[in-house]
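Here's the structure, in structure tokens; my notes come after.
Number of protein chains: 2
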Amino acid sequence: MTEIHTEPRRRGRPPKRQADAFDTRDALVRCGMATLTEKGFSATGIDEVLKKVGVPKGSFYHYFESKEAFGHAAIAAYAAYFARKLDRWLLAADRPALLRIADFVDDAAAGIARHDFRRGCLIGNLGQEMSALPESYRDRLEAVFADWQARLARCLRAAQAEGALAPEIDCEHWAAFFWVGWEGAVLRARLKRSVEPLHCFADGFFTALGR
Amino acid sequence: MTEIHTEPRRRGRPPKRQADAFDTRDALVRCGMATLTEKGFSATGIDEVLKKVGVPKGSFYHYFESKEAFGHAAIAAYAAYFARKLDRWLLAADRPALLRIADFVDDAAAGIARHDFRRGCLIGNLGQEMSALPESYRDRLEAVFADWQARLARCLRAAQAEGALAPEIDCEHWAAFFWVGWEGAVLRARLKRSVEPLHCFADGFFTALGR
DNA sequence: ACGAATATTAGACCGATCGTCTATAAATGC
DNA sequence: GCATTTATAGACGATCGGTCTAATATTCGT
Numbered sequence: 000m001t002e003i004h005t006e007p008r009r010r011g012r013p014p015k016r017q018a019d020a021f022d023t024r025d026a027l028v029r030c031g032m033a034t035l036t037e038k039g040f041s042a043t044g045i046d047e048v049l050k051k052v053g054v055p056k057g058s059f060y061h062y063f064e065s066k067e068a069f070g071h072a073a074i075a076a077y078a079a080y081f082a083r084k085l086d087r088w089l090l091a092a093d094r095p096a097l098l099r100i101a102d103f104v105d106d107a108a109a110g111i112a113r114h115d116f117r118r119g120c121l122i123g124n125l126g127q128e129m130s131a132l133p134e135s136y137r138d139r140l141e142a143v144f145a146d147w148q149a150r151l152a153r154c155l156r157a158a159q160a161e162g163a164l165a166p167e168i169d170c171e172h173w174a175a176f177f178w179v180g181w182e183g184a185v186l187r188a189r190l191k192r193s194v195e196p197l198h199c200f201a202d203g204f205f206t207a208l209g210r
Numbered sequence: 000m001t002e003i004h005t006e007p008r009r010r011g012r013p014p015k016r017q018a019d020a021f022d023t024r025d026a027l028v029r030c031g032m033a034t035l036t037e038k039g040f041s042a043t044g045i046d047e048v049l050k051k052v053g054v055p056k057g058s059f060y061h062y063f064e065s066k067e068a069f070g071h072a073a074i075a076a077y078a079a080y081f082a083r084k085l086d087r088w089l090l091a092a093d094r095p096a097l098l099r100i101a102d103f104v105d106d107a108a109a110g111i112a113r114h115d116f117r118r119g120c121l122i123g124n125l126g127q128e129m130s131a132l133p134e135s136y137r138d139r140l141e142a143v144f145a146d147w148q149a150r151l152a153r154c155l156r157a158a159q160a161e162g163a164l165a166p167e168i169d170c171e172h173w174a175a176f177f178w179v180g181w182e183g184a185v186l187r188a189r190l191k192r193s194v195e196p197l198h199c200f201a202d203g204f205f206t207a208l209g210r
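Protein sequence lines correspond, in order, to chains V and P. Residue numbering for the first sequence follows numbering that gives the first Met the number 0, starting at 0 and increasing by one per position. Residue numbering for the second sequence follows numbering that gives the first Met the number 0, starting at 0 and increasing by one per position.
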């Protein structure tokens, strides 16, 4: 988080090499992702991000029209990051489908603990702040949840195909249930500074599924 | 919330009548409760509260040492308010215990809908903001959850006594599960502007209990 | 009854934050 | 080579959040 920025960031139009064309922009988005995951939108100031990345205001408003636009970029980046993470666990074909979900939970718990319970879920954070946020965020956030739900439902159907889950179970419904409760578990884990709520919720989820 | 304040609020030490001794302070706390329930701590400005109540800044800092102290007062008031609400539903001796929980859920859903999904749970809001909040809040918030958990566990034990719940069920554990997931459900309901997540979670909770 | 103590209102004040705007600098392209 | 493009630099103003001092009205002690 408090990365020292080595490259002094030369002024003027940069050389052509496409690689770091979006270097600065990327650094800003990545930092925004981390910061919003930690403190949410309202509590995060532009200047704070700027200082961490080592970029002056001029650059920020060159890449983003406003703080609101910056938030959208961070949401998109987080959604992509999380989708990859989700796939990594939920599509691991060498593990039983239900265990893959448990693996994801364990990984998430480890991740939260590794960041000392300061970071939660960017989508959850902004979701809870919705009343104080530009209305433009609502649909984007909800769309991310819908995406996660679809990925999880697919994994549950795989469990059904394996015979690990009763065929009459509504996978979409239980996938929805998972993400509804999961955000609460993340919130509580951060407050308690313990992964216990995450496992508490996951256990309950599997118990409910088991019938 | 946008109540016009009639009494012009005279200056100087007020006459003795004990009744409205805490009038101004109460109004501030009540408004703070509503506002924090809606927008959380970081996104709520003192000026905003002041304007709504019709009180100048000086009064605020007469009654509260800081915004932090104001937050503590709001938490305490909300905890008391919610405990009363919880008891009203969970101790209704004329209803089966499990139905009382369902009643609470229905009431909460109606309440959130009535406020147009702008208001959520003050404790959940601040819990999620914890990383950006004074550390002094952590224990208070967690204590409120512990209180709610105890009240719900008691109701679950009543269900066991009625024979509506298997005796081997760990009531404390499932009460913990409920509040973990419930906060997620509230967050999602607000985002979605629908009570569906609340019922989705409650149904899952009862399903899990049913085994 | 009068001055000291108390309770409350009033709002000035300072620093932080957000977003804009102009200037500067370095590369590209015709 | 000069106009154009791309990017950094950071001053600036408006606004707002939170603190603090002054002013005002009441009660209390003797």
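Even for Gly, the Cβ is constructed at its ideal location relative to N, Cα and C. Model, not experiment: these values are computed from the prediction.
Asked                                                                                                                                                                      : Found
Apart from the five residues just before and just after Ala91 of chain P, which ones in its own chain have a Cβ nearer than 6 Å to its Cβ?                                 : Arg99
Compute the Euclidean distance between the alpha carbons of Glu167 of chain P and Leu155 of chain P, then round it to the nearest angstrom.                                : 12 Å
For Gly203 of chain P, which residues of its own chain have a beta-carbon under 7 Å away from its beta-carbon, when the five flanking residues on both sides are left out? : none
Just mark Ser41 of chain V as buried or exposed, buried being the case when its beta carbon has 16 or more other beta carbons within 10 Å.                                 : buried
Is Phe176 of chain P closer than 8 Å to Cys199 of chain V when the C-beta atoms are compared?                                                                              : yes
For Phe103 of chain P versus Leu85 of chain P, is the C-beta distance shorter than 8 Å?                                                                                    : yes
How about Gly180 of chain P and Gly180 of chain V: are their beta carbons less than 8 Å apart?                                                                             : yes
So with Cβ pairs under 8 Å, would you call Val48 of chain P a contact of chain V?                                                                                          : no
Over the uninterrupted alpha helix (DSSP H) stretch that includes Met129 of chain V, give me the two end residues.                                                         : Per DSSP, Met129 of chain V belongs to no alpha helix (DSSP H) and is neither H nor E.
Could you check which residue in V:Ala108, V:Leu151, V:Ala201 has the C-alpha nearest to that of Arg192 of chain V?                                                        : V:Ala108
In whole angstroms, give me the CA-to-CA distance for Ser65 of chain P and Ser65 of chain V.                                                                               : 31 Å
Helix, strand or coil for Ala72 of chain P, going by three-state DSSP, please let me know.                                                                                 : helix
Just checking: is the beta-carbon of Glu134 of chain V within a distance shorter than 8 Å of some beta-carbon in chain P?                                                  : no
Taking the straight line between their C-alpha atoms, what separation do you get for Ala184 of chain P and Pro196 of chain P?                                              : 5 Å
Using three-state DSSP, classify Glu37 of chain V as helix, strand or coil.                                                                                                : helix
Check Ser58 of chain V in the structure and name its three-state DSSP category.                                                                                            : helix
Which same chain residues end up closer than 8 Å to Arg29 of chain P when comparing Cβ atoms and leaving out the 5 residues on each side of it in sequence?                : Ala76
If you measure from the beta carbon of Phe196 of chain P to each beta carbon in chain V, is any gap under 8 Å?                                                             : Reading off the sequence, residue 196 of chain P comes out as Pro, not Phe. So, interface residue.
Can you tell me which of the three DSSP states Ile168 of chain P falls into?                                                                                               : coil
With a CB to CB cut of under 7 Å and the five nearest residues on each side skipped, what residues in its chain are close to Ala43 of chain V?                             : Rather than Ala, the amino acid found at residue 43 of chain V in this sequence is Thr. Cβ neighbours of Thr43 of chain V beyond the five flanking positions: Thr34, Leu35.
DSSP state of Asp25 of chain P, grouped into three classes?                                                                                                                : helix
Check whether chain V comes within 8 Å of Phe81 of chain P, counting only Cβ atoms and requiring the distance to be less than that.                                        : no
On the three-state DSSP scale, how would you describe Thr43 of chain V?                                                                                                    : coil
Please classify Arg187 of chain P as buried or exposed, where buried requires at least 16 other C-beta atoms within 10 Å of its C-beta.                                    : buried
Excluding sequence positions up to five away, which residues of its chain have a Cβ less than 8 Å from the Cβ of Thr206 of chain V?                                        : none
By how many angstroms is the C-alpha of Ile74 of chain V removed from the C-alpha of Arg24 of chain V?                                                                     : 14 Å
Taking the continuous alpha helix (DSSP H) assigned at Cys120 of chain V, which residues delimit it?                                                                       : Looking at the DSSP string, Cys120 of chain V is not in any alpha helix (DSSP H), and its letter there is neither H nor E.
Using a C-beta cutoff of 8 Å, does Met32 of chain V count as contacting chain P?                                                                                           : no
How far does the alpha helix (DSSP H) with Asp106 of chain V in it extend, from its first residue to its last?                                                             : 96-113
Which same chain residues, not among the five before or five after Asn124 of chain P, have their C-beta less than 6 Å away from its C-beta?                                : Gly39
Taking DSSP as the reference, what is the three-state secondary structure of Gly31 of chain P?                                                                             : helix
For a contact meaning CB atoms closer than 8 Å, what does Arg117 of chain P contact in chain V?                                                                            : Ser130
Would you check whether the ligand NAD has a heavy atom nearer than 7 Å to the C-beta of Gly126 of chain V?                                                                : Of the ligands one can find in the structure shown there are none, so the ligand NAD has no counterpart to examine.
Determine the extent of the alpha helix (DSSP H) in which Asp205 of chain P is found, giving its start and end residues.                                                   : Reading off the sequence shown, one finds Phe at residue 205 of chain P, where the question assumed Asp. From DSSP, the alpha helix (DSSP H) with Phe205 of chain P extends over 195-208.
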